[in-house]
Amino acid sequence: MSHTAASLRAQFPLLAATPELHYLDSAATAQIHRTVLDAVLHHETTSRANVLRGTYRLAEAADLAYEQARQTAARFLNAGSADEIVFTSGATAALNLVSHAFGATLQPGDRVLISVAEHHSNFVPWQMLRDRCGIELTLIPVSADGRLDLERLADLMGSRCRFIAVTQCSNVTGAWTDVAAIVAAAREAGARVLLDGAQAVQHGPQDVQALGGDFYAFSGHKCFGPGGVGVLWGRAEALTQMPPFLGGGGMIAEVTPEASTWAAPPQRFEAGTPPIAQAVGLAAALEWMMTLDWTVIRAREDALCKRLIEGLARIPSLHLLGPQNGERAPIVSFDIPGLHPHDICQVLDAQSLALRGGHHCAQPLLAAFGVEACTRASIALYNDEADIEALLGGLDCARRELS
Amino acid sequence: MSHTAASLRAQFPLLAATPELHYLDSAATAQIHRTVLDAVLHHETTSRANVLRGTYRLAEAADLAYEQARQTAARFLNAGSADEIVFTSGATAALNLVSHAFGATLQPGDRVLISVAEHHSNFVPWQMLRDRCGIELTLIPVSADGRLDLERLADLMGSRCRFIAVTQCSNVTGAWTDVAAIVAAAREAGARVLLDGAQAVQHGPQDVQALGGDFYAFSGHKCFGPGGVGVLWGRAEALTQMPPFLGGGGMIAEVTPEASTWAAPPQRFEAGTPPIAQAVGLAAALEWMMTLDWTVIRAREDALCKRLIEGLARIPSLHLLGPQNGERAPIVSFDIPGLHPHDICQVLDAQSLALRGGHHCAQPLLAAFGVEACTRASIALYNDEADIEALLGGLDCARRELS
Amino acid sequence: MNDADSLYQDAIKQCARAAHGHGRLENVKGEAKLDNPLCGDRVRMQVALDGGRIAAVAHETKGCLLCRAAASLIGARAAGLDAAAVETLTGELDAMLKGAVAIPAGWPELAMFVPARAYPSRHRCVLLPFRALQAAIGKVGARDTAIPANDHGEAKVVI
Amino acid sequence: MNDADSLYQDAIKQCARAAHGHGRLENVKGEAKLDNPLCGDRVRMQVALDGGRIAAVAHETKGCLLCRAAASLIGARAAGLDAAAVETLTGELDAMLKGAVAIPAGWPELAMFVPARAYPSRHRCVLLPFRALQAAIGKVGARDTAIPANDHGEAKVVI
Ligand SMILES: Cc1ncc(COP(=O)(O)O)c(C=O)c1O
Ligand SMILES: Cc1ncc(COP(=O)(O)O)c(C=O)c1O
Numbered sequence: 139m140s141h142t143a144a145s146l147r148a149q150f151p152l153l154a155a156t157p158e159l160h161y162l163d164s165a166a167t168a169q170i171h172r173t174v175l176d177a178v179l180h181h182e183t184t185s186r187a188n189v190l191r192g193t194y195r196l197a198e199a200a201d202l203a204y205e206q207a208r209q210t211a212a213r214f215l216n217a218g219s220a221d222e223i224v225f226t227s228g229a230t231a232a233l234n235l236v237s238h239a240f241g242a243t244l245q246p247g248d249r250v251l252i253s254v255a256e257h258h259s260n261f262v263p264w265q266m267l268r269d270r271c272g273i274e275l276t277l278i279p280v281s282a283d284g285r286l287d288l289e290r291l292a293d294l295m296g297s298r299c300r301f302i303a304v305t306q307c308s309n310v311t312g313a314w315t316d317v318a319a320i321v322a323a324a325r326e327a328g329a330r331v332l333l334d335g336a337q338a339v340q341h342g343p344q345d346v347q348a349l350g351g352d353f354y355a356f357s358g359h360k361c362f363g364p365g366g367v368g369v370l371w372g373r374a375e376a377l378t379q380m381p382p383f384l385g386g387g388g389m390i391a392e393v394t395p396e397a398s399t400w401a402a403p404p405q406r407f408e409a410g411t412p413p414i415a416q417a418v419g420l421a422a423a424l425e426w427m428m429t430l431d432w433t434v435i436r437a438r439e440d441a442l443c444k445r446l447i448e449g450l451a452r453i454p455s456l457h458l459l460g461p462q463n464g465e466r467a468p469i470v471s472f473d474i475p476g477l478h479p480h481d482i483c484q485v486l487d488a489q490s491l492a493l494r495g496g497h498h499c500a501q502p503l504l505a506a507f508g509v510e511a512c513t514r515a516s517i518a519l520y521n522d523e524a525d526i527e528a529l530l531g532g533l534d535c536a537r538r539e540l541s
Numbered sequence: 139m140s141h142t143a144a145s146l147r148a149q150f151p152l153l154a155a156t157p158e159l160h161y162l163d164s165a166a167t168a169q170i171h172r173t174v175l176d177a178v179l180h181h182e183t184t185s186r187a188n189v190l191r192g193t194y195r196l197a198e199a200a201d202l203a204y205e206q207a208r209q210t211a212a213r214f215l216n217a218g219s220a221d222e223i224v225f226t227s228g229a230t231a232a233l234n235l236v237s238h239a240f241g242a243t244l245q246p247g248d249r250v251l252i253s254v255a256e257h258h259s260n261f262v263p264w265q266m267l268r269d270r271c272g273i274e275l276t277l278i279p280v281s282a283d284g285r286l287d288l289e290r291l292a293d294l295m296g297s298r299c300r301f302i303a304v305t306q307c308s309n310v311t312g313a314w315t316d317v318a319a320i321v322a323a324a325r326e327a328g329a330r331v332l333l334d335g336a337q338a339v340q341h342g343p344q345d346v347q348a349l350g351g352d353f354y355a356f357s358g359h360k361c362f363g364p365g366g367v368g369v370l371w372g373r374a375e376a377l378t379q380m381p382p383f384l385g386g387g388g389m390i391a392e393v394t395p396e397a398s399t400w401a402a403p404p405q406r407f408e409a410g411t412p413p414i415a416q417a418v419g420l421a422a423a424l425e426w427m428m429t430l431d432w433t434v435i436r437a438r439e440d441a442l443c444k445r446l447i448e449g450l451a452r453i454p455s456l457h458l459l460g461p462q463n464g465e466r467a468p469i470v471s472f473d474i475p476g477l478h479p480h481d482i483c484q485v486l487d488a489q490s491l492a493l494r495g496g497h498h499c500a501q502p503l504l505a506a507f508g509v510e511a512c513t514r515a516s517i518a519l520y521n522d523e524a525d526i527e528a529l530l531g532g533l534d535c536a537r538r539e540l541s
Numbered sequence: 002m003n004d005a006d007s008l009y010q011d012a013i014k015q016c017a018r019a020a021h022g023h024g025r026l027e028n029v030k031g032e033a034k035l036d037n038p039l040c041g042d043r044v045r046m047q048v049a050l051d052g053g054r055i056a057a058v059a060h061e062t063k064g065c066l067l068c069r070a071a072a073s074l075i076g077a078r079a080a081g082l083d084a085a086a087v088e089t090l091t092g093e094l095d096a097m098l099k100g101a102v103a104i105p106a107g108w109p110e111l112a113m114f115v116p117a118r119a120y121p122s123r124h125r126c127v128l129l130p131f132r133a134l135q136a137a138i139g140k141v142g143a144r145d146t147a148i149p150a151n152d153h154g155e156a157k158v159v160i
Numbered sequence: 002m003n004d005a006d007s008l009y010q011d012a013i014k015q016c017a018r019a020a021h022g023h024g025r026l027e028n029v030k031g032e033a034k035l036d037n038p039l040c041g042d043r044v045r046m047q048v049a050l051d052g053g054r055i056a057a058v059a060h061e062t063k064g065c066l067l068c069r070a071a072a073s074l075i076g077a078r079a080a081g082l083d084a085a086a087v088e089t090l091t092g093e094l095d096a097m098l099k100g101a102v103a104i105p106a107g108w109p110e111l112a113m114f115v116p117a118r119a120y121p122s123r124h125r126c127v128l129l130p131f132r133a134l135q136a137a138i139g140k141v142g143a144r145d146t147a148i149p150a151n152d153h154g155e156a157k158v159v160i
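Here it is as structure tokens:
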């Protein structure tokens, strides 16, 4: 299979239809692969039924498709079993699920660690848990280049740390977290670890067993799949120990007016009609991703990222938020004093460059960097040199036009 | 526009491709209209971007499509304003949202009323709230034919009733709730009212202002739209008074390590990337529904329902669960002693009749009827006389084959 | 349709109706109640063991024909089996339903469930009484520890 | 591109850079801080009234060029307006951005924002200082009641 950016780009209908578009906002939403659209359409026109175990053939087909999607997600993550895969409506829903369901097992005074670099979706739920239940919420700080600073990890954990929830990869800086160090410290303390994989999955299949945490969350729309669907992986024993979060159809063993009892995981955590066609579409995206040679793709993503960072370095007074080099994902955020990200992005848009300016749902991190907003370029498998050169040229233009 | 069942059926790709199929399970999931598939495909291939107010044109197109979908949902429900429309992942998510967000404003000892006829999705969340927060949960009983028995409503409400959450239409019996009586009693007591409209919406646009409650929930997949999306309508002042439920991107005003502040509704209740293409698809379904003549359609649905009930009445010992006639939706459940619903549905499937047997996520109601499972036929706008005759013939056959 | 290909062949209906083993034991040694919350299939299975082997078995079964036929077959034929044999049998039956050619050794009657292969949603109807039997044997002698939800037939069911 | 059609025409850049009214008042009578959590646009607007009309206005504005230009224009031109006039003005500006042909009466400078019509996501950048002005006037004399979130510029923003 050809792995040139052009051959990959051709497989994305929106990009194929707009050859002039330099889409550099995949960290917000990746474009959707054609096989996903086909899978959703096929499901809706041949196998649409509710998956609540109807006995007619159409319902059996829907059940099968949905459970096969679960198997696919398990393979994509190298989960121990498909029963460890909970479909949610997205990463945010998955993170809230854990903050509520695991949170219900915590005592006041127990400690939860998150980091300054978290996306609001892995920040606010834990703040809400703190305010609801009286746990202690402690922040892992970041170093000047935005990496999680684990030097004082043991101190931060203290004696009552029960849970550590951190991003695997920052959506602002592209910094990868040293997951192994966190998992080791957590294991020693008997704390569980959740990884927010929202930004990781578009850069290739993951191995949750090798990563070693207890929970892993991601969204379909960030890995070339549909919106409205996400995955929570949870280690079997971790899922089994949690009470349910949402109540409704499909998650119960028995309901009586007095009390209800719960189904086993994963059903316990899938209240209501799940996003069936979206799960099927996500599975198509994941299947496709599993056919790719990620060594080739990541090498190109890295090279483009390097070229971009080099180009940015020539812009006077530009401040790169994040690692200059080394282990980083191709997500590049920067601040040019005096030029507002909104204005920059607006000028870039006129040149068909799609970038996002703002706080990227990471206000605590931006505050740590001393900025309120920044401009972000994020690179995915369909980007190429032309996108990077256009961006560098566009920034020159923005600097001229805005000053 | 032609409103024959055949002309409507032709607009549903799955049904058009399987002319032999008698789909009588629309109460579980309605089939998807072709305009919905077109709208989703069009959105994903021309306007896909995150709706977090990116400033590039693609993101503005996505924003616009999403906010127009909100306008459409507001028109479908005759809401006071589009700001009263919260997109969720489905009815279950909407119901859980209210049970948590409104629930957080309740004191121990406050009373919430639900009914014996609720779907588990409007039953379990309130049980969980009771167990979490010490509210009192009181059940409105049902009469022998499954209607909410409101005779002792004032007694049941007592002096501390703050909330009444009831189904607008039962997913088992088709009984419509006397909403006006409930709203009047609630208003007098200063209690808020939530209507679970999951089963109502496939039978035509609704008027939440005329209904008079404070909240209204439904799912896209039950009104010819995509899965993975639903709507919570809330009266502006009711939404404004509630704290958020899920935390994450998009629902905050400001996040700092110490505390976060919330955006106004509806954003306050839409944490994370919403189901964008699904909302656009749902809007296409609702737009289409708003072009139809519902007087014609409901008259046909009623006639088919009447014919079915008459036919069932000739089956010895068959027990109809629900009203024999009068104000009822075309959802017909029954029990034939000695024949298990699973076996019945299996035999019917061999004749391309798609019906569901089970407890239909309404165990308390079935317990009130003294059965553990029943067989349900649900009729939608694409059904016709042939479907009903096939079902009656199929039941004869099932009785022969199974005994 | 050839009766042997039909899900509701006479063998199943007769076996269900015979309801072998229906009732309760006087001297129950192990008991398990499992259900399928989808449809209300519900099995209470009781066993008494002798030297590790089933000496007596009884059940109360509410459910569809497949479930009742399977329970009745257990009532008629399970005496003499030990825990390992029940586990093997259940595994082989599961495999047969999933498509394996072999009928579980020594249990030719199970061939009546072969047509259920085509209906995955019904497999648990057939398996429920066997899983209840496993669970009941597991209770014998065991301190009264709850079986984890995962091992319950019902717990895996999406309703 | 014709400068008059361009979003970043010189008028806007100059007005933003001039930062008329930047600073704080000694004798502040009404103050409001509004922000747009999307991009960190942030306006602190202070007013002193005299007989119901703006006697003095000052602001601290962090934000994009559009937001800063709008705040600067207020700093230069808002004196003398009363609450009703500010409300009318804001409404007319909103309508202009949404496509109305008319430039708000007496405010020909607002024509510089006409190119922003094409960019709905930027409308709130222009409106934020005006909304802050409305809120600040609303605070004068009012008991210190919080303004409902709905009336804040920021509160309507999806980030
Ligand atoms: C009356 C009623 N309420 C709530 C629901 C839950 O809807 P969903 O499963 O789409 O969340 C359903 C459908 O299953 C229903 O029939
Ligand atoms: C690191 C990170 N975590 C969580 C999320 C939330 O994902 P979603 O909005 O799809 O729920 C995002 C994306 O916005 C993200 O970048």
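Residue numbers (this note's numbering), protein chains in the order written: chain A, 139 to 541; chain B, 139 to 541; chain C, 2 to 160; chain D, 2 to 160. Think of the CB as a built atom: it goes at the ideal place given N, C-alpha and C, for glycine as much as any other residue.
Less than 8 Å between CB atoms is the rule here; does residue i satisfy it with respect to chain A?
i, result
"Y120 (chain C)", "yes"
"V159 (chain D)", "Only weak support is given to the placement of V159 (chain D): the predicted model assigns it a pLDDT of 26, under 50, and the question is left unresolved by the model."
"L111 (chain D)", "no"
Check whether the Cβ of residue i lies closer than 8 Å to any Cβ atom in chain D.
i, result
"D345 (chain B)", "no"
"R191 (chain B)", "yes"
"L530 (chain B)", "no"
"E289 (chain A)", "no"
Is the beta carbon of residue i within less than 7 Å of some heavy atom of ligand 2?
i, result
"Q484 (chain B)", "no"
"C499 (chain A)", "yes"
"S219 (chain B)", "no"
Between residue i and chain B, is any beta-carbon pair separated by less than 8 Å?
i, result
"R69 (chain D)", "no"
"R123 (chain D)", "yes"
Ligand 1 and residue i: does any heavy atom of the ligand fall closer than 7 Å to the residue's C-beta?
i, result
"G387 (chain A)", "yes"
"G410 (chain A)", "yes"
"D163 (chain B)", "no"
Taking only beta-carbon positions, decide if residue i is within less than 8 Å of chain C.
i, result
"Q484 (chain B)", "yes"
Open item on the list: Would the stretch 196-206 of chain B count as touching the stretch 320-338 of chain B if we require 3 or more Cβ pairs under 8 Å?
Closed with: no
Open item on the list: Taking 8 Å as the cut-off, does the stretch 40-57 of chain C touch the stretch 7-14 of chain C (at least 3 CB pairs, one atom from each stretch)?
Closed with: no
Task: Residues in the stretch 193-204 of chain A having any Cβ partner in chain C nearer than 8 Å - done: T193, A197, E198, D201 and L202
- [ ] Name, going along the chain, the residues of the stretch 464-496 of chain A whose beta-carbon falls closer than 8 Å to a beta-carbon of chain D.
- [x] With the criterion set as a beta carbon lying under 8 Å from some beta carbon of chain D, the members of the stretch 464-496 of chain A are H478, P479, H480, D481, Q484, V485, G495 and G496, in sequence order.
Open item on the list: Three Cβ pairs or more, each shorter than 8 Å: is that satisfied between the stretch 507-526 of chain A and the stretch 436-446 of chain A?
Closed with: Because the criterion of three Cβ pairs below 8 Å is met, the stretch 507-526 of chain A and the stretch 436-446 of chain A touch.
TODO: Kindly confirm or deny that the stretch 451-463 of chain B and the stretch 248-264 of chain B touch, where touching means at least three C-beta pairs closer than 8 Å.
DONE: When Cβ pairs closer than 8 Å are counted between the two stretches, the stretch 451-463 of chain B is seen not to touch the stretch 248-264 of chain B, the count staying below three.
TODO: Would you list, in chain order, the members of the stretch 61-95 of chain D that have their beta-carbon closer than 9 Å to a beta-carbon of chain A?
DONE: K63, G64, C65, L66, L67, C68 and R69
Open item on the list: Counting only Cβ-Cβ distances shorter than 7 Å, please list the residues of the stretch 164-189 of chain B near chain A, keeping chain order.
Closed with: A166, T167, Q169, I170, L175, L179, E182, T183, T184, R186, A187 and N188
TODO: Report yes or no: do the stretch 344-357 of chain B and the stretch 492-503 of chain B share at least 3 C-beta pairs separated by less than 8 Å?
DONE: no
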